[in-house]
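Residue numbers (the working numbering): 1469 to 1802.
Heads up, the thing below is written out as structure tokens.
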Ligand code: NAD
């Protein structure tokens, strides 16, 4: 049965990469119908809403959202729309698979790391307070329920996908109560998965280890802020932000998006790499049972990467987004 999905075109490079991905999905004959909405800053200036109510209603109905990046103005007393969406739809697990592609020249080979980032709390609850003119504080919130569900999801993923190791990333040596709770729950839950090697690492050491010996990592689970930072780091290991897909999942809803932002520095230049959003759409196709279509797209992508003739500038090439997409379309048609 045709699956209807909601699509948010986003800001900056968002519309360019969304249109690219929809063209490829159609060529690959994905059995999808699209309800497409413009969202973000441009829409706000026209309508007074960052996300139109009918866009939210569409997601409520369809339960699946393919979302492009949205710009978050810095320091303007305005909460990130991404964080709002994750909370409003209780998308508590942010899953970010970083896998090096042998068809691309990357800094590291044989990387296959999946980050499970808790998506609803930690410093992202946005509770900041001015104490006096020179002092501000932010609240870091860690709860038993939110930690347990993300940690269990990571172990369940290991079990389902035959992954050998699960690493908890934390700073419990300093944040003894908040990260201490997260770590103790990890150690408790690990006992239910004796076949999976469980270890923990302090976040600063993790950064060094990821740069020096990234192949030691398999599945990683961590609170929200570390997940945000570490997953960008893992994207660097495999060739950059243009390549890293993600899924934000809850019990009822799922939102698929690139890990990167709206890339204002290259917006409108026609050179954005749509791969991260395309691979996010492949994660979506896998989840809704259109596995063959996802495979067709991934194979076409690998062919384009191997030939190295139509790579976008972030991958060392000179192709435009359009030329890159055209090369993928040609591979799909073969
Ligand atoms: P960014 O991820 O947009 O860009 C970082 C660097 O990576 C830039 O040099 C950019 O050109 C490059 N890059 C990113 N995606 C690329 C792609 N597909 N192809 C080629 N190059 C790419 O990070 P930023 O500049 O810190 O953030 C810009 C805006 O995006 C901010 O407002 C931020 O809040 C927002 N943001 C949104 C999301 C989201 O919607 N999920 C995620 C992260 C950042």
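Just so you know, even glycine gets a beta-carbon here, dropped at the ideal spot from N, CA and C.
Helix, strand or coil at residue i [DSSP, three-state]
| i | result |
| --- | --- |
| residue 1653 | helix |
| residue 1536 | coil |
| residue 1714 | strand |
| residue 1727 | coil |
| residue 1688 | strand |
| residue 1665 | strand |
| residue 1571 | coil |
| residue 1611 | coil |
| residue 1659 | coil |
| residue 1781 | helix |
| residue 1638 | strand |
| residue 1700 | helix |
| residue 1502 | strand |
| residue 1755 | helix |
| residue 1586 | strand |
| residue 1496 | coil |
| residue 1474 | strand |
| residue 1489 | helix |
| residue 1765 | helix |
| residue 1619 | helix |
| residue 1719 | coil |
| residue 1561 | strand |
| residue 1744 | helix |
Reference residue i, options the options, closest by Cα
| i | options | result |
| --- | --- | --- |
| residue 1512 | 1549, 1504 and 1491 | 1549 |
| residue 1478 | 1732, 1694, 1717 and 1660 | 1732 |
| residue 1586 | 1613, 1633, 1575 and 1597 | 1613 |
| residue 1623 | 1697, 1501, 1588 and 1690 | 1690 |
| residue 1540 | 1480, 1572, 1590 and 1589 | 1480 |
| residue 1553 | 1718, 1702 and 1677 | 1718 |
| residue 1582 | 1589, 1564, 1569 and 1576 | 1564 |
| residue 1765 | 1492, 1486 and 1744 | 1492 |
| residue 1854 | 1727, 1496, 1483 and 1488 | Here the chain has residues from 1469 to 1802 only, and residue 1854 is not among them. |
| residue 1698 | 1517, 1584, 1551 and 1575 | 1584 |
| residue 1505 | 1761, 1494 and 1538 | 1538 |
| residue 1593 | 1551, 1472 and 1486 | 1551 |
| residue 1657 | 1636, 1676, 1674 and 1569 | 1636 |
| residue 1728 | 1788, 1755 and 1696 | 1696 |
| residue 1855 | 1498, 1482 and 1600 | Residue 1855 cannot be examined here, being either before or after the span of the chain that is shown, 1469 to 1802. |
| residue 1693 | 1576, 1524, 1589 and 1654 | 1589 |
| residue 1739 | 1754, 1775, 1787 and 1730 | 1787 |
| residue 1555 | 1494, 1642 and 1720 | 1720 |
| residue 1755 | 1520, 1482 and 1533 | 1533 |
| residue 1673 | 1654, 1640 and 1652 | 1640 |
Straight-line gap, residue i to residue j (C-alpha atoms, nearest Å)
| i | j | result |
| --- | --- | --- |
| residue 1507 | residue 1659 | 44 Å |
| residue 1763 | residue 1535 | 21 Å |
| residue 1502 | residue 1603 | 48 Å |
| residue 1572 | residue 1714 | 20 Å |
| residue 1634 | residue 1705 | 19 Å |
| residue 1773 | residue 1596 | 45 Å |
| residue 1796 | residue 1701 | 27 Å |
| residue 1802 | residue 1771 | 11 Å |
| residue 1681 | residue 1559 | 31 Å |
| residue 1631 | residue 1578 | 15 Å |
| residue 1574 | residue 1516 | 43 Å |
| residue 1490 | residue 1484 | 10 Å |
| residue 1638 | residue 1671 | 5 Å |
| residue 1646 | residue 1522 | 38 Å |
| residue 1737 | residue 1760 | 33 Å |
| residue 1735 | residue 1610 | 36 Å |
| residue 1525 | residue 1746 | 24 Å |
| residue 1678 | residue 1601 | 39 Å |
| residue 1576 | residue 1570 | 10 Å |
| residue 1519 | residue 1663 | 44 Å |
| residue 1476 | residue 1781 | 25 Å |
| residue 1509 | residue 1724 | 20 Å |
Integer-rounded CB distance, given that residue j should sit under 8 Å from residue i
| i | j | result |
| --- | --- | --- |
| residue 1591 | residue 1567 | So it is not a contact: roughly 28 Å between Cβ atoms. |
| residue 1615 | residue 1650 | 5 Å |
| residue 1562 | residue 1716 | 5 Å |
| residue 1768 | residue 1791 | That pair is no contact at about 14 Å. |
| residue 1470 | residue 1500 | 7 Å |
| residue 1778 | residue 1785 | 7 Å |
| residue 1488 | residue 1793 | 5 Å |
| residue 1744 | residue 1722 | Actually they are not in contact, since the Cβ atoms of residue 1744 and residue 1722 sit about 17 Å apart, beyond 8 Å. |
| residue 1661 | residue 1627 | 6 Å |
| residue 1482 | residue 1652 | In fact, because the Cβ distance is near 40 Å, the residues do not count as touching under 8 Å. |
Proximity test, Cβ basis, 8 Å: residue i and chain D
| i | result |
| --- | --- |
| residue 1765 | You won't find chain D in this structure, because it holds only one protein chain. |
Would you call the region 1709–1717 and the region 1676–1696 in contact, with 3 or more CB pairs under 8 Å? No, because fewer than three Cβ pairs between the region 1709–1717 and the region 1676–1696 fall closer than 8 Å, the two stretches do not touch.
Just checking, does the region 1743–1757 make contact with the region 1617–1632 on the three C-beta pairs under 8 Å criterion? no
Would the region 1659–1669 and the region 1518–1533 be scored as touching if the rule is three or more Cβ pairs under 8 Å? no
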